[in-house]
Amino acid sequence: METVWFIIVALMIAAYVVLDGFDLGAGIIYLIVGKTGDERRKVLRSIGPVWDGNEVWLLAAGGTLYFAYPQLYASAFSGFYLPLMMVLWLLMLRGIGIELRVHVDNPVWRGFFDVIFSISSALLAIFFGAALGNVIRGVPLGPDGYFFEALWTNFRLGPHPGILDWYTVMAGVVALVTLAAHGALYVTLKTDGEVNQRSRRMATAICPLQLALTLVSLVATWFVRPSIKENYLAYPVGFLIPAIVFGSLILMLLWTRQGKEFSAFLSSCVYITGMLVGAVFALYPVVLPASTDPAYNLTIHNSAAGHHGLTVGLVWWTLGMILTIGYFVYIYRTFRGKVQLEGGGY
Amino acid sequence: MDSALLIHRLHFAFTVTFHYLFPQLTMGLAPLIVVLKTIALRRNDETYHQAARFWARIFGINFVIGVVTGIPMEFQFGTNWSHFSRFAGGVIGQTLAMEGMFAFFLESAFLGLFLFGEKRLSPKGHWWAAVAVFLGSWLSGFFIVATDAWMQHPVGYATSPDGSVQLSSFWQLVLNPWAWWQYAHNMSGAAITGAFVMASVGAFYLLWGKYQEYGRIFIRVGVIAGLVFTVLQLFPTGDGQGRLVAEHQPVTLAAMEALFESGPGAPLVLIGQPDVPARRIDNPIIIPKMLSFLSYRRWEAEVRGLNSFPPDTWPDNIPLLYFSYHIMVGLGTIFIAIMLVSAFLLWRGKLFDANWMLWILLLSLPFPYIANTAGWMTAEIGRQPWLVYGLMRTADGYSKMVSAGNGLFTLLGFMGMYTVLGFLFVFLIRREIENGPTTVPDAGH
């Protein structure tokens, strides 16, 4: 049962990253692919009806994590107190940027909100990457299952690392580049004209960099946490995951060049999911490793909610998920196609 | 009081108070938008369609701010209240996660569809989108209230060997009688905010002399809904909620009413100042025996005063609790009066020309927000010193790893951020109202 919920939570987080990832990514490349007011509006329009809904996935994934692993939620959220609060503020700033830009006419203020939107999107990508880096590297958990991490210490690994060290900063950069490409492919898919061209060129340019960074991060992770290979060796089927990651990346590059917009975007989704699944596959059954002593690791067993609650949850979660997939398919079908600039909205 | 405890309490209190300004309006407006949409569809009347679109835009702005201020609420269970989460997550994780799965997705997905998809949907389809938004927002309210109701009146749990509580009965959790009374009272409160806001904007248009056709629609819908819900707020929902408090939290009732001495035939204090150190109420105006009757339906019933309970189980801020409760009840009574007079004038066909009444409706706008806030303060301060009634004290629930300094830093950060959000909100709403319902929103260039 704990394993089932491990998979569910991981998939919900992956769904959040894939979905909100493309509108964060659109924010990262926003200033580069949109030069004129109309072009920027096009980018905003492509994410306009969905960005807030995508953010709801963060709430839902967070709620599910809280439900399944309250102990993990309590430890991780209080331990990552300061960066999480900054994430909240960035999410707010970003929302302000998107919503206010539409409502002001002065070009200077427009530019101001454009920059806020873009910078907060980029910082969020870096923060999320660094957060994942922290989870893989491990945190200084004490015997009571709690920790508190400073923003940075000496940027080196060790039993008492900071939120930021060379490894987590690297993870942040990987996330930034990945989501930039993801966003570029989404914008390519949803727009036409100059914006479409620029986004596609952008994606084509980023792709090789992404490939190189993926390799580097893999080697670095091996170095930081040598135990990642254990699950892979125990269950060799896991080697499919890196194969999928690299395969999807190469296909993404290929399809972007050929102008197959939808396939390219889809392979970026697969790539992101593959990266996340690869990470949690390596961690399992640990959910938050301790940098202090492996005995203090939080695992699916010592941090899960009670058995009865998890069983009941499986019933309503399945029902809820079926409904949700229904709505989302319906909504994306209703809004399919390239964005137009006429009519109401962004 | 430990300063870290105080700061974590203020942190949650401040962020949740600000947050709830927005969902109370969206939950209140959602059924009214369905009403406007239904009339529009029935009469095939473009004015009502336009009116529904206008309120959907107001809804949309509130929803966005509700989401961005709602994410911090969920996060704070872990960041600021981790010991509480470790203790109770096995139970309240159920309702919190269900809110995400059933309510948020429904509401956000169909709000997008309602706001941006009218051209791509049939009129019937667009009506269904409004209904789905209504359903989503009211479901969301239920799961949050059920979470709070469990903290007020824990049911359906078992204590596990590590000291935490775990779910033992899903149906007891969801069918908690406290949850249903509190939900009814809370949703009626939200509907009052929606009705007053709609009537107030209507009054603004009539007094301004612009968009008068819409002003009349808004007033009509707002006043009729307002009358229904202000009455429901008192009876049966407020009464039912009050009797639950009397039964399960008698010490809270005594503190709310500032009843220091136990006795039969307890009076209801309409107004007066509680003096906690001297254990008496100064300068009271009372209705004799009324509290006994309201709580137990007998004039001579014994009501236990604060002296019947050990002081370490008293709510820790009795004056604040007393005043919150009295502000809520006092405003609720005034709301009924306002809506009764307005509805009477509406029925006689005089309301639209009665400028004095329009001014009252216009100026009443902030008060439902105050009443809703005071009501929640009554519920939450009344539960003290418990975080989970009878099971966990508030002093044991906060994150011990997060120092008072860090807590204060982020509290100040939120105050700054929410000030900016507040200005933004006023700017956007003012713009929508001044542009009026007939303006197709200019997307800018």
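Order-wise, the sequence lines are chains A and B. Numbering of the first sequence is given in the numbering used here, commencing with residue 1 and proceeding in unit increments. Numbering of the second sequence is given in the numbering used here, commencing with residue 1001 and proceeding in unit increments. Just so you know, even glycine gets a beta-carbon here, dropped at the ideal spot from N, CA and C.
Residue i (DSSP reduced to helix, strand or coil)
i, result
"LEU283 (chain A)", "helix"
"HIS1445 (chain B)", "Confidence is the limiting factor: at HIS1445 (chain B) the pLDDT is only 31, short of 50, which leaves the residue's position unreliable and the question unanswerable from this model."
"THR1439 (chain B)", "coil"
"GLU1074 (chain B)", "helix"
"VAL1155 (chain B)", "coil"
"ILE1429 (chain B)", "helix"
"TRP152 (chain A)", "strand"
"THR36 (chain A)", "coil"
"LEU123 (chain A)", "helix"
"LEU1268 (chain B)", "strand"
"LEU1121 (chain B)", "coil"
"GLY309 (chain A)", "helix"
"GLY1226 (chain B)", "helix"
"VAL104 (chain A)", "coil"
"ALA1013 (chain B)", "helix"
"ASP144 (chain A)", "coil"
"GLY1397 (chain B)", "coil"
"ASP114 (chain A)", "helix"
"LEU1029 (chain B)", "helix"
"ALA74 (chain A)", "helix"
"TYR1211 (chain B)", "coil"
"ALA304 (chain A)", "coil"
Cβ-Cβ separation, residue j to residue i (assumed contact under 8 Å), whole Å
i, j, result
"THR1069 (chain B)", "MET85 (chain A)", "That pair is no contact at about 13 Å."
"PHE1084 (chain B)", "LEU1387 (chain B)", "6 Å"
"LEU1036 (chain B)", "ALA1013 (chain B)", "Between ALA1013 (chain B) and LEU1036 (chain B) the Cβ distance is about 35 Å, and since that is not below 8 Å, they are no contact."
"MET952 (chain B)", "PHE1218 (chain B)", "Nothing can be reported for residue 952 (chain B), as the shown portion of chain B is limited to 1001 through 1445."
"PHE265 (chain A)", "LEU189 (chain A)", "5 Å"
"VAL1223 (chain B)", "LEU1346 (chain B)", "5 Å"
"ILE1071 (chain B)", "LEU91 (chain A)", "6 Å"
"LEU1106 (chain B)", "GLU1074 (chain B)", "Going by Cβ atoms, the distance from LEU1106 (chain B) to GLU1074 (chain B) rounds to 17 Å, so no, they are not a contact pair."
"ILE96 (chain A)", "LEU1424 (chain B)", "6 Å"
"PRO285 (chain A)", "GLY1090 (chain B)", "At roughly 19 Å, the Cβ-Cβ gap does not stay under 8 Å, so PRO285 (chain A) and GLY1090 (chain B) are not in contact."
"ALA184 (chain A)", "ILE206 (chain A)", "7 Å"
"GLN1182 (chain B)", "VAL1145 (chain B)", "5 Å"
"GLY1078 (chain B)", "ALA282 (chain A)", "With a Cβ gap of about 24 Å, GLY1078 (chain B) and ALA282 (chain A) do not count as contacting."
"LEU1167 (chain B)", "LEU1173 (chain B)", "7 Å"
"ILE29 (chain A)", "ALA180 (chain A)", "6 Å"
DSSP bridge partner residues for residue i (one or two, in chain order)
i, result
"ASP1282 (chain B)", "B:GLN1273"
"GLY1263 (chain B)", "B:VAL1303"
"THR299 (chain A)", "A:VAL286"
"VAL139 (chain A)", "A:ALA290"
"MET1392 (chain B)", "B:VAL1388"
"LEU164 (chain A)", "A:TRP152"
Limits of the unbroken alpha helix (DSSP H) element including residue i
i, result
"VAL87 (chain A)", "81 to 101"
"VAL224 (chain A)", "193 to 224"
"GLN1166 (chain B)", "Careful: GLN1166 (chain B) lies outside any alpha helix (DSSP H), inside the beta strand (DSSP E) at 1165 to 1167."
"LEU253 (chain A)", "240 to 258"
"GLU1107 (chain B)", "1105 to 1116"
"GLN1094 (chain B)", "1082 to 1098"
"SER1188 (chain B)", "1177 to 1208"
"MET1101 (chain B)", "No alpha helix (DSSP H) contains MET1101 (chain B), which DSSP labels as neither H nor E."
"LYS229 (chain A)", "228 to 234"
"LEU65 (chain A)", "51 to 68"
"PRO1161 (chain B)", "Neither: PRO1161 (chain B) is in no alpha helix (DSSP H) and is coded neither H nor E."
"PHE1170 (chain B)", "1170 to 1174"
"LEU1500 (chain B)", "Past the edges of chain B, shown from 1001 to 1445, lies residue 1500 (chain B), and the structure says nothing about it."
Range of the contiguous beta strand (DSSP E) that encloses residue i
i, result
"LEU1387 (chain B)", "1386 to 1388"
Test: residue i CB closer than 8 Å to a CB of chain E
i, result
"ASN1406 (chain B)", "No chain E appears in the structure shown, which is made up of the protein chains A and B."
Any non-hydrogen atom of the ligand FAD closer than 7 Å to residue i Cβ
i, result
"LEU24 (chain A)", "Looking at this structure, you won't find the ligand FAD or any other ligand, since it has none at all."
Worksheet entry | Complete beta strand (DSSP E) runs within the segment 1286 to 1371 of chain B (minimum length 3 residues, chain order) | none
Fill in: Contained alpha helix (DSSP H) runs [length at least 4] in the segment 3 to 48 of chain A, N- to C-terminal order
37 to 47
Worksheet item: Of all the beta strand (DSSP E) runs that stay within the bounds of the segment 1035 to 1079 of chain B, which reach a length of 3 or more residues?
Response: none
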